[in-house]
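Below is one structure, written out as structure tokens; comments come after it.
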Amino acid sequence: MSDKNAAAQLLLQARKPGKALTALPESALPADKAQAYAAQAELVSLLSDHSGRPVGYKVGCTNATARQMLALDSPFSGRCFEKELSTSPAAIDAATLHMIGIEPEIAVRIGKDLVPSKNWQRTDVIDHIEAVMPSVEVVESRFSSWPLMGFLSAIADNGVHRHLVLGKAVENWSADRIEQTRVTLTANGITVREGVASNVDGGPFGVVAWLANHLNAMGTTLAAGEIVTTGVMTDIYDSAPGEKIVAHYDLPAVVELQVTPL
Numbered sequence: 052m053s054d055k056n057a058a059a060q061l062l063l064q065a066r067k068p069g070k071a072l073t074a075l076p077e078s079a080l081p082a083d084k085a086q087a088y089a090a091q092a093e094l095v096s097l098l099s100d101h102s103g104r105p106v107g108y109k110v111g112c113t114n115a116t117a118r119q120m121l122a123l124d125s126p127f128s129g130r131c132f133e134k135e136l137s138t139s140p141a142a143i144d145a146a147t148l149h150m151i152g153i154e155p156e157i158a159v160r161i162g163k164d165l166v167p168s169k170n171w172q173r174t175d176v177i178d179h180i181e182a183v184m185p186s187v188e189v190v191e192s193r194f195s196s197w198p199l200m201g202f203l204s205a206i207a208d209n210g211v212h213r214h215l216v217l218g219k220a221v222e223n224w225s226a227d228r229i230e231q232t233r234v235t236l237t238a239n240g241i242t243v244r245e246g247v248a249s250n251v252d253g254g255p256f257g258v259v260a261w262l263a264n265h266l267n268a269m270g271t272t273l274a275a276g277e278i279v280t281t282g283v284m285t286d287i288y289d290s291a292p293g294e295k296i297v298a299h300y301d302l303p304a305v306v307e308l309q310v311t312p313l
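Residue 125 in our numbering sits at position 74 of the sequence shown, and the numbers go up by one each step.
Written out as structure tokens, the structure is:
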């Protein structure tokens with residue numbers, strides 16, 4: 052069995068500028084998903100000391116293209132933290148990041164616990180959602196070998212999550228409207244990505260159902276008040292210092308993020 056505590060400590064240190072890992076040592080490398088999530092849980096406990104309490108989840112690899120990149124057969128989850136959550140417009144310091152992966156997404160706030168009493172489906176979770184918001188996730192691998200270090204290391208690395216920016220809650224939303232939402236991502240006013248919410252497996256609400264079942268299987272419940280960001284609607288965009296990122300949703304809504312210059 053891998054040393055989850057050693058993995059967590061190494062990944063915590065690797066978040067510092069200039070400290071990215073090439074790979075985890077064999078003694079700390081998870082052998083399967085269960086060990087990877089155990090290492091993630093240790094890392095989350097360490098991160099809570101300076102990133103604040105966990106306030107929700109990110110779900111990654113919610114489309115076939117992303118899973119192929121990491122040779123993965125299902126999505127994965129990571130935790131979002133109070134001090135790594137912003138409302139639009141927001142700014143992030145490029146000097147603190149190893150990479151600046153930009154992902155326009157749909158986020159939700161859970162209104163009622165999704166308890167482990169059933170196999171959750173897309174249609175079941177809709178009534179358990181209190182709010183829907185456009186979002187931009189900033190993803191950052193703590194491995195210089197990204198994505199070659201593999202999915203088990205990505206899971207242990209808190210699902211490569213770094214920051215979440217939320218837009219205003221959508222008024223009078225419907226499931227069909229949200230699943231048909233389109234987004235155009237611009238960097239310094241130039242279109243760099245386009246996509247639609249249905250690009251994620253089962254749409255955003257299908258992703259919430261997957262997460263609820265995934266957490267239930269691990270003995271955890273997706274709880275009221277928690278935020279879930281449901282996966283990238285486009286291909287990931289690798290941003291650069293100094294760029295102003297704007298995700299234009301046809302809800303209509305915008306999410307703005309300024310990446311500071313070095």
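Ideal Cβ placement from N, Cα and C applies to all residues, glycine included.
Which word fits residue i, buried or exposed, when buried means at least 16 other C-beta atoms lie within 10 angstroms of its C-beta?
i: K134; result: exposed
i: L313; result: exposed
i: V166; result: exposed
i: N239; result: exposed
i: G293; result: exposed
i: Q91; result: buried
i: N223; result: exposed
i: G69; result: exposed
i: P155; result: buried
i: L61; result: buried
i: S125; result: exposed
i: S196; result: exposed
Residue i to residue j, Cα distance in whole Å?
i: A291; j: S168; result: 45 Å
i: L215; j: G162; result: 19 Å
i: T280; j: F127; result: 12 Å
i: L262; j: G107; result: 11 Å
i: P255; j: T113; result: 9 Å
i: R104; j: V95; result: 9 Å
i: E77; j: A268; result: 27 Å
i: D83; j: L203; result: 7 Å
i: A158; j: A58; result: 29 Å
i: R66; j: A298; result: 26 Å
i: A207; j: F194; result: 11 Å
i: Y300; j: R233; result: 6 Å
i: V258; j: D100; result: 29 Å
i: L236; j: P81; result: 35 Å
i: Y177; j: A226; result: Tyr is not the amino acid found at residue 177; the sequence shown has Ile there. If I take the Cα positions, the gap works out to 7 Å.
i: K295; j: P303; result: 19 Å
i: H265; j: I180; result: 17 Å
i: V201; j: R160; result: Here residue 201 turns out to be Gly, not Val, going by the sequence shown. Distance between the alpha carbons of G201 and R160: 30 Å.
i: A87; j: P198; result: 16 Å
i: D282; j: L123; result: Correcting the residue identity first, residue 282 is Gly in this sequence and not Asp. Distance between the alpha carbons of G282 and L123 is about 15 Å.
Starting from residue i, follow the beta strand (DSSP E) in both directions and report where the run begins and ends.
i: G246; result: I241 to V247
i: Q91; result: Element bounds for Q91: not the beta strand (DSSP E) but the alpha helix (DSSP H), K84 to S102.
i: P255; result: Taken as a continuous stretch (DSSP letters only), P255 belongs to no beta strand (DSSP E), being part of the alpha helix (DSSP H) at G254 to A268.
i: A205; result: Not the beta strand (DSSP E): A205 falls in the alpha helix (DSSP H), residues F202 to A207.
i: M184; result: I180 to V190
i: M302; result: Position check: residue 302 holds Leu in this sequence, whereas Met was assumed. First-last for L302: undefined, no H or E at that position.
i: A142; result: A141 to I143
i: L136; result: L136 to T138
Relative to the C-alpha of residue i, which residue among the options is closest?
i: L308; options: V283, A145 and L121; result: A145
i: G111; options: V310, T285 and V306; result: T285
i: V305; options: S249, M150 and V221; result: V221
i: N209; options: S196, V190, L217 and K219; result: V190
i: R228; options: T235, S249 and I241; result: S249
i: A71; options: K55, H149, G129 and L121; result: H149
i: A79; options: E181, S53 and L217; result: S53
i: D219; options: V187, I241 and E245; result: Per the sequence shown, the amino acid found at residue 219 is Lys instead of Asp. Comparing Cα-Cα distances from K219 to each of V187, I241 and E245, the minimum goes to V187.
i: L98; options: S225, Q64 and A115; result: Q64
i: S137; options: G270, A117 and M184; result: M184
i: A205; options: I241, L121, T147 and V247; result: L121
i: P140; options: G246, L217 and V243; result: L217
Which residues mark the beginning and the end of the alpha helix (DSSP H) in which residue i is found?
i: S132; result: Correcting the residue identity first, residue 132 is Phe in this sequence and not Ser. Note, F132: premise wrong, no alpha helix (DSSP H); beta strand (DSSP E) at F127 to F132.
i: K55; result: K55 to Q64
i: T174; result: R173 to V176
i: E222; result: Neither: E222 is in no alpha helix (DSSP H) and is coded neither H nor E.
i: A238; result: From DSSP, A238 is part of no alpha helix (DSSP H) but of the beta strand (DSSP E) over R233 to A238.
Taking only beta-carbon atoms, is residue i less than 8 Å away from chain D?
i: E77; result: You won't find chain D in this structure, because it holds only one protein chain.
Just to confirm my understanding: we take residue i, look at its own chain, exclude 5 residues before and 5 after, and list those with CB closer than 6 Å. What are they?
i: G253; result: R173
i: D164; result: T272, A274 and A275
i: R118; result: C112
i: A89; result: K55
Does any heavy atom of the ligand ADP sit closer than 7 Å to the C-beta of residue i?
i: M184; result: Ligands displayed in this structure: none; no statement on the ligand ADP is therefore possible.
By Cβ distance below 8 Å, which residues in the same chain neighbour residue i in space, the five residues on each side in sequence not counted?
i: A142; result: L308, Q309, V310 and T311
i: C131; result: P105, V106, G107, Y108, K109, H212, L215, I278 and T280
Looking only at its own chain, which residues have a Cβ that is under 7 Å from the Cβ of residue i, when we skip the five neighbours before and after it?
i: G152; result: V189, V190, E191, I287 and D289
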